[in-house]
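So that you can map any letter, position 82 of the sequence shown is 118 in our numbering, and since no number is skipped, the others follow by simple counting.
Here a beta-carbon is modelled for each residue, glycine too, at the ideal position from N, C-alpha and C.
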Amino acid sequence: MATIVFITVWKNFGYFMVIFLAGLQGISAELYEAASLDGASAWQKFRYITLPALRPTFNYVVIFGLIGSFQVFDQVFILTSGGPARSTETIVYRIYTEAFGNGKLGYASALSYVLLIMTLIVGLIQLYTNNKHEKEEIA
């Protein structure tokens with residue numbers, strides 16, 4: 037399972053770094069210049085300018101990373117086929133084996149709905165916490 041996690045992180049690392057790079061480029065240089073004129077250290081600039089400005093980017097990366105972690109299929113299929121005693125089986129791989137391996141299309145459809153509900157719950161929780169932080173920043 038550790039190898040599958042490592043491969044999944046490695047696969048998504050470049051994509052998420054491009055997203056963070058775009059978020060960093062969206063921060064105005066005038067904010068850093070004003071902080072320098074006020075005598076802010078590099079750590080203070082990072083803490084009070086960079087991190088708050090990257091909050092929406094971080095939220096995007098977290099939500100899509102979590103949703104992507106629910107949908108890991110190809111690494112499990114290629115490396116372990118569910119692993120010894122189903123130890124590396126994911127819900128998407130289980131849907132695949134139930135539908136195409138065992139011919140239980142109804143059960144696979146039910147599992148698909150469970151995956152949908154899990155994804156919606158994670159997305160709604162993330163959306164709620166993101167809106168909560170935005171309301172705190174405005175107030």
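Enumerate in chain order the residues of its own chain whose CB-to-CB distance from residue i is below 7 Å, with the five nearest sequence positions on each side excluded.
i	result
Gln-107	Val-128
Tyr-143	Glu-134
Tyr-68	Lys-81 and Ile-85
Under the three-state reduction of DSSP, which class applies to residue i: helix, strand or coil?
i	result
Thr-116	coil
Val-97	helix
Gln-111	helix
Glu-125	coil
Leu-90	coil
Gly-59	helix
Gly-50	helix
Ser-64	coil
By Cβ distance below 6 Å, which residues in the same chain neighbour residue i in space, the five residues on each side in sequence not counted?
i	result
Leu-141	Ala-135
Ser-105	none
Within 10 angstroms of its Cβ, does residue i collect 16 or more other Cβ (buried), or is it exposed?
i	result
Val-112	buried
Thr-124	buried
Thr-126	buried
Arg-83	exposed
Arg-122	exposed
Return yes when the Cβ of residue j is within less than 8 Å of the Cβ of residue i, no when it is not.
i	j	result
Ile-98	Ile-55	Residue identity differs from the one stated: residue 98 is Val in this sequence, not Ile. No, the Cβ-Cβ distance between Val-98 and Ile-55 is not below 8 Å.
Leu-115	Thr-39	yes
Ala-89	Ile-131	no
Ile-103	Thr-44	no
Gly-101	Asn-48	yes
What does a CB cutoff of less than 8 Å around residue i pick up in its chain, not counting 5 residues either side in sequence?
i	result
Ser-72	Lys-81
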